[in-house]
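What follows is one structure encoded as structure tokens, with my remarks underneath.
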Amino acid sequence: MTKPEGKPKVAFYWCASCGGCEEAVVDLAEGILDVVGAVDIVMWPVALDFKRADIEAMPDGSILASFINGAIRTTEQEEMASLLRRKSQLVIAFGACSQLGGIPGLANLYDREGVYRAAYLESPSTENPEGTLPRLRSRENGYDLSLPGFYDTVRALGQVIDVDYAIPGCAPHPKVIQAAVATLLSGELPPKGTVLAPDQAVCEECPRRESKPLDLSISEFKRPHEVIIDEETCLLAQGLLCLGPATRAGCDAACVCGNMPCSGCSGPTSRVLDHGAKAISGIASLIGGDDEEAIDSVLDGIPDPVGTFYRYGLPASLLRRKTLS
Ligand code: SF4
Ligand code: SF4
Numbered sequence: 002m003t004k005p006e007g008k009p010k011v012a013f014y015w016c017a018s019c020g021g022c023e024e025a026v027v028d029l030a031e032g033i034l035d036v037v038g039a040v041d042i043v044m045w046p047v048a049l050d051f052k053r054a055d056i057e058a059m060p061d062g063s064i065l066a067s068f069i070n071g072a073i074r075t076t077e078q079e080e081m082a083s084l085l086r087r088k089s090q091l092v093i094a095f096g097a098c099s100q101l102g103g104i105p106g107l108a109n110l111y112d113r114e115g116v117y118r119a120a121y122l123e124s125p126s127t128e129n130p131e132g133t134l135p136r137l138r139s140r141e142n143g144y145d146l147s148l149p150g151f152y153d154t155v156r157a158l159g160q161v162i163d164v165d166y167a168i169p170g171c172a173p174h175p176k177v178i179q180a181a182v183a184t185l186l187s188g189e190l191p192p193k194g195t196v197l198a199p200d201q202a203v204c205e206e207c208p209r210r211e212s213k214p215l216d217l218s219i220s221e222f223k224r225p226h227e228v229i230i231d232e233e234t235c236l237l238a239q240g241l242l243c244l245g246p247a248t249r250a251g252c253d254a255a256c257v258c259g260n261m262p263c264s265g266c267s268g269p270t271s272r273v274l275d276h277g278a279k280a281i282s283g284i285a286s287l288i289g290g291d292d293e294e295a296i297d298s299v300l301d302g303i304p305d306p307v308g309t310f311y312r313y314g315l316p317a318s319l320l321r322r323k324t325l326s
């Protein structure tokens with residue numbers, strides 16, 4: 002890594018994202034002053050008025066690190082990701098959407114036409130009698146207008162450009178962000194590809210772990226609104242589908258502490274290739290009995306298997322998307 006003159010330059014950018022990852026940076030509270038004091042921010046669309054041309058004018062490699070959140074859905078996002086890659090010594094996939102494809106990646110169950118149909122023609126709140134759909138080029142009041150292209154498939158950042166590190170979570174926990182930034186600024190970099198969060202399961206840092214039975218036999222999955230949840234006992238032991246055993250730690254089991262099951266936003270540990278597949282096999286092994294009909298009825302208690310096990314990582318999974326004929 003080249004040592005910069007003056008403060009290291011850092012960029013933040015967002016692609017297909019909800020803005021929650023930007024919020025997570027602000028959630029550093031007074032810790033943000035340490036970050037802002039240590040670096041020179043050269044791009045941050047949510048907060049600062051730098052333009053693409055400002056980045057284009059910078060020498061290649063002059064930005065120490067670009068933190069990019071959000072998945073890649075449009076041509077503009079791919080162009081910006083490629084530009085920041087060229088200008089940066091390090092690129093960090095920030096948050097689940099960037100690392101794994103995230104919630105926008107669930108659109109890979111459909112194609113572009115299906116998404117357009119749902120968003121612009123069929124949703125109950127849409128009034129579009131002329132059936133107008135987004136067009137790459139159009140002319141309005143004498144002006145030529147253009148829109149970025151909309152890809153059929155949502156991709157994680159690492160499927161589009163070379164990525165050095167990932168900061169997991171939806172959104173990343175402030176503690177994880179702070180530790181990751183400190184690591185990057187220290188100059189003692191971990192091996193390329195490292196996910197900058199503890200490489201252990203959420204169960205390891207869960208305050209309920211002592212009540213997690215060694216042998217579980219689940220006969221019914223319940224959803225959080227269907228039961229009064231005991232605040233001390235392991236949620237899996239209460240029949241709630243908690244993905245803590247298959248998910249990377251670092252968040253201090255924040256959801257479980259809020260009496261909600263872990264939904265898997267920090268993705269897998271380094272030993273797992275496909276987070277959803279790992280979670281499915283782990284959960285399936287907990288279903289009691291060997292009567293097929295009884296097992297099917299237990300599985301019926303999981304109403305949205307893709308949205309449950311691949312909520313944050315369909316694009317980065319082995320399957321990547323649904324194939325539509
Ligand atoms: S990772 Fe979560 S918080 Fe961040 S952009 Fe995606 S959906 Fe929003
Ligand atoms: S399964 Fe969930 S509730 Fe139980 S110990 Fe693990 S993280 Fe905690």
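Numbered according to my numbering, the sequence shown spans residues 2 to 326.
Positions of the beta carbon are idealized from the N, C-alpha and C atoms, including for glycine.
Everything numeric in this text was worked out from a predicted model, so none of it was measured.
Query raised in the report: Mind checking whether the beta-carbon of Ile69 lies closer than 8 Å to any heavy atom of ligand 1?
Result: no
Query raised in the report: Taking 8 Å as the cut-off, is the CB of Pro104 close to at least one heavy atom of ligand 1?
Result: The question names Pro, but residue 104 in the sequence shown is Ile. It does: the Cβ of Ile104 is within 8 Å (strictly closer) of some heavy atom of ligand 1.
Query raised in the report: If you draw a straight line from the alpha carbon of Ala255 to that of Pro199, how long is it in whole angstroms?
Result: 15 Å
Query raised in the report: Under the three-state reduction of DSSP, which class applies to Met81: helix, strand or coil?
Result: helix
Query raised in the report: Cβ-heavy atom distance between Trp45 and ligand 1 below 8 Å?
Result: no
Requested in this report: Confirm the yes/no value for this check: CB of Ala317, any heavy atom of ligand 1, distance under 8 Å.
Outcome: no
Query raised in the report: What are the uninterrupted segments assigned as beta strand (DSSP E) that are 3 or more residues long and contained completely in the stretch 221–265, given in chain order?
Result: none
Query raised in the report: Do Cys171 and Ser318 have their C-beta atoms closer together than 9 Å?
Result: no
Query raised in the report: If you draw a straight line from the alpha carbon of Ile162 to that of Ser67, how long is it in whole angstroms?
Result: 12 Å
Query raised in the report: Could you give the distance in angstroms between the alpha-carbon of Leu85 and the alpha-carbon of Ala295?
Result: 53 Å
**Report entry** Val196 (DSSP reduced to helix, strand or coil)
**Finding:** strand
**Report entry** Cβ-based neighbour list, Arg138, same chain, cut-off 6 Å, excluding 5 preceding and 5 following
**Finding:** Ser147
Requested in this report: Give every residue whose Cβ lies closer than 6 Å to any heavy atom of ligand 2, listed in chain order.
Outcome: Val203, Cys204, Cys207, Arg209, Arg210, Lys213, Cys235, Leu236, Leu237, Cys243, Gly245, Pro246, Ala254, Val257, Cys263
**Report entry** Boundaries of the beta strand (DSSP E) in which Arg138 is found, first to last residue
**Finding:** 138–141
Query - 9 Å Cβ cutoff met for Cys22 and Gly62 - result: no
Query raised in the report: Is the closest heavy atom of ligand 1 to the C-beta of Ser267 under 8 Å?
Result: no
**Report entry** The beta strand (DSSP E) enclosing Ser67, as first and last residue numbers
**Finding:** 64–70
Query - Reference Ala54; option with closest CA among Cys243, Lys88, Arg74, Val257 - result: Lys88
Requested in this report: Assuming Leu185 contacts Leu91 (C-beta within less than 8 Å), just tell me the rounded distance between them.
Outcome: 7 Å
Query - Cβ-based burial, His276 [other Cβ within 10 Å; buried from 16] - result: buried
Query raised in the report: Taking 8 Å as the line, does the beta carbon of Gly314 fall inside it for any heavy atom of ligand 1?
Result: no
Report task. Could you pull the start and end residues of the alpha helix (DSSP H) that Leu185 belongs to? Result -> 175–187
Report task. Alpha carbon to alpha carbon, how far is Ser298 from Arg249? Give it in angstroms, no decimals. Result -> 29 Å
Query raised in the report: Is it a yes or a no for the stretch 305–313 touching the stretch 92–112, going by three-plus beta-carbon pairs under 8 Å?
Result: yes
Requested in this report: Check whether the Cβ of Ala1 lies closer than 8 Å to any heavy atom of ligand 1, and answer yes or no.
Outcome: Look at the range of the chain in this structure, 2 to 326, and you will see that residue 1 is not part of it.
Query raised in the report: Taking the beta strand (DSSP E) that Asp153 falls in, what are its first and last residues?
Result: 151–156
Query raised in the report: In the structure shown, what three-state DSSP assignment does Ile104 receive?
Result: helix
Query raised in the report: Is the stretch 125–135 touching the stretch 192–210, taking contact as three or more C-beta pairs under 8 Å?
Result: no
Report task. Using alpha carbons as the reference points, say which of Glu221, Val164, Pro225 lies closest to Asn260. Result -> Pro225
Query raised in the report: ligand 1 heavy atoms versus the CB of Cys19: any closer than 8 Å?
Result: yes
Requested in this report: Look at Tyr117 and Pro135 and say whether their C-beta atoms are less than 9 Å apart.
Outcome: yes
Query raised in the report: Can Gly240 and Glu211 be called in contact, C-beta distance under 9 Å?
Result: no
Query raised in the report: What is the DSSP secondary structure of Arg118, reduced to helix, strand or coil?
Result: helix
Query raised in the report: So, are the CB atoms of Ala183 and Pro173 less than 9 Å apart?
Result: no
Report task. Quick one: residues in its chain with C-beta nearer than 6 Å to the C-beta of Cys235, no 5 flanking neighbours on either side, listed in chain order? Result -> Arg209, Ser212, Lys213
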